[in-house]
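First residue of the sequence shown: 0, per numbering that gives the first Met the number 0; consecutive thereafter.
Structure record follows, encoded as structure tokens.
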Amino acid sequence: MGQSVPPRILIAQDLSAMGSLSLQTALTLFQACDFSIGVLPTTILSTQSEGFGSPAVLDTTRWTQQTLQHWVKEQIRFTAAVVGYYDNEAVGDQLADYLDQQAAAMDLVLIDPAFADNGEPYPLQELAHMEGLRRLLRRATLATPNLTEACLLTNTPLFTPNPQAVRALLVKFNQLLAPGGQTVLTGLEFGDQVGVAWLDPLEGRLQQVTLPRLPGHFYGSGDTFTALLTILLCQQRDLNTAVRQATDLLHEGLVATMKANDERRYGIKLGAIIATLQSLA
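Given below as structure tokens:
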């Protein structure tokens, strides 16, 4: 009989040296909830890849491979993994190989296929990146693509959200995941509302949460939602409850960011989110 593994989360995302985005956001939120974490920077950027011109980039491919090998040798095990943005196919392949070895022992493998928005890929990304993402997604028990990412990865023409089309896209995207995997589709715009959609794991019915759209673009909102959803699921909430609470928490952070009157390109203000998140524990 193997020893019980305490909750320990692997976070594999890009590290931006400036702002509250991606790995910096995840670190802050997970540590605020006292999770044991392992950090794997998939690339190191001087700034995020949007809003600052071309960032300085430090390739972490060799270090990532050595780190994963060391963890395996030392029998460091994770109960969950969350994988976000990466810009090097070799890193994606390394993560896929690692998850092939380790995912069976994990309760959750959440992959956010972060590579596109507003109908087109991010800077520094190419459409060839999609093939690597499809390979990686086969290890996912849960995925959080936005509408653009989900359409590109399933070869679906971009559409204005409506219940029938959203449900069809969710069914199609679920087929990219591990057996029984679920998709939470983010960034859906319904008139003056914006929200997320998913299929009820038990009944398969379309579920949606929408909140009033706030003006402007919020950099890092997808990263924040993914981190929050992972935390709530690892705190033993069911998917329906976790998605609704993560959406409410993100909205609270977006309102705080808007009121702060700071430059949006530096990411999301997390103070209000952390206070509410800790009160839910």
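Glycine residues also receive a C-beta, built at the ideal position from the N, C-alpha and C atoms.
Asked, Found
"Would residue 38 and residue 26 be called neighbours here (beta carbons separated by less than 8 Å)?", "yes"
"Taking the continuous alpha helix (DSSP H) assigned at residue 131, which residues delimit it?", "128-136"
"If you run the structure through DSSP and keep just helix, strand and coil, what is residue 180?", "coil"
"Please state if the CB of residue 107 and the CB of residue 79 are separated by a distance shorter than 8 Å.", "yes"
"Just the C-alpha distance for residue 1 and residue 103, rounded to the nearest angstrom, thanks.", "In this predicted model, residue 1 has a pLDDT of only 43, less than 50, meaning its place in the structure is not dependable enough to derive any value."
"So, using beta-carbon positions, are residue 201 and residue 182 closer together than 8 Å?", "no"
"Hey, out of 10, 35, 175, whose CA is closest to residue 94's CA?", "10"
"Considering just the uninterrupted stretch of the beta strand (DSSP E) at residue 43, what are its terminal residues?", "35-44"
"Specify whether the stretch 82-100 and the stretch 242-259 touch according to this definition: at least 3 beta carbon pairs, one from each stretch, less than 8 Å apart.", "no"
"Relative to the C-alpha of residue 216, which candidate in 84, 261, 56 has its C-alpha closest?", "261"
"If you drop the 5 nearest sequence neighbours on each side, which residues of the same chain put their C-beta closer than 6 Å to that of residue 143?", "111, 183, 185, 225"
"Kindly give me the distance between the Cβ atoms of residue 277 and residue 31, rounded to whole angstroms, as I take these residues to be in contact under 8 Å.", "7 Å"
"For a test of the three-state rule: what should DSSP assign to residue 8, helix, strand or coil?", "strand"
"Quick check on the burial criterion: 16 or more other C-beta atoms within 10 angstroms. Buried or exposed for residue 117?", "exposed"
"What are the start and end residues of each continuous alpha helix (DSSP H) run of 4 or more residues lying completely inside the stretch 215-280, in chain order?", "220-233, 238-259, 270-279"
"Output the distance between the C-alpha atoms of residue 20 and residue 223, rounded to the nearest integer angstrom.", "8 Å"
"For residue 193, count neighbouring C-beta atoms within 10 Å of its own C-beta (all shown protein chains included) and say buried if the count is 16 or more, exposed if not.", "buried"
"Are the CB atoms of residue 13 and residue 41 within a distance shorter than 8 Å?", "yes"
"As an exercise, report each continuous alpha helix (DSSP H) stretch of at least 4 residues that is fully enclosed by the stretch 151-200, in chain order.", "162-173"
"Can you tell which of 52, 162, 270 has the C-alpha that lies nearest to the C-alpha of residue 249?", "270"
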